[in-house]
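Note that the sequence shown covers residues 7 to 166 in our numbering.
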Amino acid sequence: MYGLCDSCEERADHLFDLTRLPEFKDIVRRLNYRKVCQNCYDDMYAELRQEQPDAEDRRSEKRFQIRLAFLLEGTDRHGKTFSEKVFSENISLAGVRISTILDLEVGSILKLKLPDFDFEAVAIVELVWQDGKNRSAGLKVAEANEVWKRLVKERIKVFG
């Protein structure tokens, strides 16, 4: 989706719909920003992260230990573009925790695909963990659609 950013009023090739992201509800209500560009989103996201408690306290969705193969596309911390197969450690209606060798940056916007299920969505890197050589990342599915919700519920019935 392209158009004018509600915050900076500049033209952008991709706009984020803040009305679909619950953590931005106060910004939508208070400032009437609905669709914003990448730079404005990054600034608002950074401010929200400073105001929010630890991630462990924010969990609203139950996680399920289910391993799925995803295709993850985007740009790493060093500006290198990638398209990498990754596996989930757990999933929820809000997102997925993946195992990865990639050096991801918190707040990065990535494309998350499950080709076998005809699923594709924008994902936001919420957290990155590193334990020795093992690295994992918590991704929030920014625009969780009906395909994602159905997929998670079906996997929960089968594996949960």
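We treat Cβ as the ideally placed atom computed from N, Cα and C, and that holds for glycine.
- Cβ-Cβ distances below 8 Å link residue 40 to 12, 23, 24, 25 and 34 in the same chain, with the five nearest sequence neighbours on each side left out; the list follows chain order.
- Beta-bridge pairing by DSSP links residue 142 to 105 and 135.
- Leaving aside the five residues that flank residue 87 on each side, the residues in its chain whose CB is nearer than 7 Å to its CB run, in chain order, 81.
- Listed in chain order, the alpha helix (DSSP H) elements of length 4 or more contained wholly in the region 48-98 are 61-64.
- A residue is called buried when at least 16 other Cβ atoms come within 10 angstroms of its Cβ; residue 135 does not meet this threshold and is exposed.
- Counting every other CB atom within 10 Å of its CB across the protein chains shown gives residue 114 a total of 16 or more, marking it as buried.
- For the pair residue 160 and residue 96, the Cα-to-Cα distance works out to about 14 Å.
- Here residue 40 carries a coil assignment [DSSP, helix/strand/coil].
- Note that the region 90-105 touches the region 65-75; at least 3 beta-carbon pairs, one per stretch, sit closer than 8 Å.
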